[in-house]
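Residue 93 in our numbering sits at position 93 of the sequence shown; the count goes up by one each step and never skips.
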Amino acid sequence: MNTKINNLSVFTDGNKVNKAILFVHGFPYDHYMWDAQVKALSNSFFCVRYDIRGLGESPAGDGQFTMEMFVDDLKEIVSEMGLNKPVLCGLSMGGYISLRAMGKTENLFSALI
């Protein structure tokens, strides 16, 4: 499934009743970098991927980015999708965003990969 949340392109695979994993890609990639992981995990997990602002199918807006903006995007995705403490998985720039999100949001995520 493909949807827009906060003007970000969000992609899901798997059954929403399963535990969610929220994947945050690295720079300069997009949600496709997680294809192999999603293929392996989507039978047991609800896999959520999105394109970070300015990459993939998500527009850059005014091009002014902050780490807090990226964290707010994660919070918005979790809220709008009704995800219950998803596992957060980030690599490279997505890892930095994920670490910041874990530090700025109490009890929003169940684990960090």
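Where is the CB? At the ideal position from N, CA and C, for every residue including glycine.
Start-to-end residues for the beta strand (DSSP E) that takes in residue i
i: LEU22; result: 20-24
i: PHE70; result: Not the beta strand (DSSP E): PHE70 falls in the alpha helix (DSSP H), residues 67-81.
i: ILE5; result: 2-5
i: PHE46; result: 46-50
i: LEU8; result: 8-13
i: GLY90; result: 87-90
Delimiting residues of the alpha helix (DSSP H) encompassing residue i
i: LEU41; result: 35-41
i: GLY103; result: 93-104
Burial state of residue i, where buried means 16 or more other Cβ atoms lie within 10 Å
i: ASP35; result: exposed
i: LEU112; result: exposed
i: ALA20; result: buried
i: SER98; result: buried
i: ALA101; result: buried
Rounded straight-line distance, which links the Cα of residue j to that of residue i
i: SER9; j: GLU106; result: 25 Å
i: ASN6; j: ASP73; result: 7 Å
i: GLU76; j: SER44; result: 24 Å
i: GLU119; j: ASN18; result: With the chain represented from 1 up to 113, any question about residue 119 goes unanswered, as that position is not in the structure.
i: SER58; j: ASN2; result: 12 Å
i: LYS39; j: HIS31; result: 13 Å
i: PHE109; j: ARG53; result: 21 Å
i: GLY103; j: VAL71; result: 10 Å
i: LEU88; j: VAL78; result: 11 Å
i: GLN64; j: LEU55; result: 13 Å
i: PRO86; j: MET33; result: 19 Å
Validate contact between the region 94-105 and the region 18-38 using beta carbons, cut 8 Å, 3 pairs: yes
The region 9-18 contacting the region 45-55, beta-carbon criterion three pairs below 8 Å: yes
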